[in-house]
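Everything on this sheet refers to the single structure shown next.
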Amino acid sequence: MLITVKESIWNQLGASIDMLENAIRSCPDEVWDTERKFWYHAFHTLFFLDYYLSTSPKTFAPPPPFTFSEFEDTLPERVYSPDELLGYLQYCREKGQTFISQLTSETVEARWVNQSETMNYSMVEILLYNMRHVQHHAAQLNQLLRQEIDQAPDWVFQAS
69 MLITVKESIW
79 NQLGASIDML
89 ENAIRSCPDE
99 VWDTERKFWY
109 HAFHTLFFLD
119 YYLSTSPKTF
129 APPPPFTFSE
139 FEDTLPERVY
149 SPDELLGYLQ
159 YCREKGQTFI
169 SQLTSETVEA
179 RWVNQSETMN
189 YSMVEILLYN
199 MRHVQHHAAQ
209 LNQLLRQEID
219 QAPDWVFQAS
């Protein structure tokens, strides 16, 4: 049963990540860095995707060149390029696959607790929470694309 659960979670979390990737790839340069901050919403989504995929959230550190700006409630010091964010997305995709593949009947019961201890979830629940967060922002980016260029990527049913 655990194999089916792990495959199902990856199929759907991976689909959310694919939808985020499709939105980033579909964003034209003239929409990337406007007052609507497409790039920032994409970065925010990736930062927290990475964070929520950390088995030890209290020691989390994003990979360079990314910073802790999201924890500090400030914008990053510069605009990240689509290529930088697509690289971060691939990093997170691999981290997600590893996180899920390493789940066992024992580790699914382990707790994911953030620094402030305001979030306390099982490892399965943090994956579901993470999926909801990614999908929420992928939909937000798709809406922004529809508003700005009158098109957006299609729905992804399962991870590719």
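Under our numbering, read the sequence shown as residues 69 to 228, first letter to last. For glycine and all other residues, C-beta sits at the position ideal for the given N, C-alpha and C.
Item                                                                                                         : Value
Length of the line joining the Cα atoms of glutamate 98 and glutamate 174                                    : 48 Å
contact_flag[the region 198-211, the region 135-151] where n(CB pairs < 8 Å) is 3 or more                    : no
Arginine 179 in three-state terms, based on DSSP                                                             : strand
Residues bridged to tyrosine 188 [DSSP beta-bridge criterion]                                                : With the sequence shown as reference, residue 188 is identified as asparagine, and tyrosine is not the correct amino acid for it. DSSP lists Val181 as partners of asparagine 188.
Through-space distance from phenylalanine 167 to lysine 126, alpha-carbon basis                              : 16 Å
For serine 173, three-class secondary structure by DSSP                                                      : coil
Inter-residue Cα distance where the pair is glutamine 211 and alanine 220                                    : 7 Å
For tryptophan 14, the first and last residue of its enclosing alpha helix (DSSP H)                          : Look at the range of the chain in this structure, 69 to 228, and you will see that residue 14 is not part of it.
Where proline 131 falls: helix, strand or coil (DSSP)                                                        : coil
Cβ-based burial, arginine 214 [other Cβ within 10 Å; buried from 16]                                         : exposed
Cβ neighbours of cysteine 160 in the same chain (closer than 8 Å, five flanking residues each side left out) : Ile85, Leu114, Leu117, Asp118 and Leu121
Helix, strand or coil at glutamate 216 according to DSSP, with G and I counted as helix                      : helix
Proximal residues to asparagine 79 (C-beta, below 8 Å), its chain only, five neighbours per side dropped     : Gln226 and Ala227
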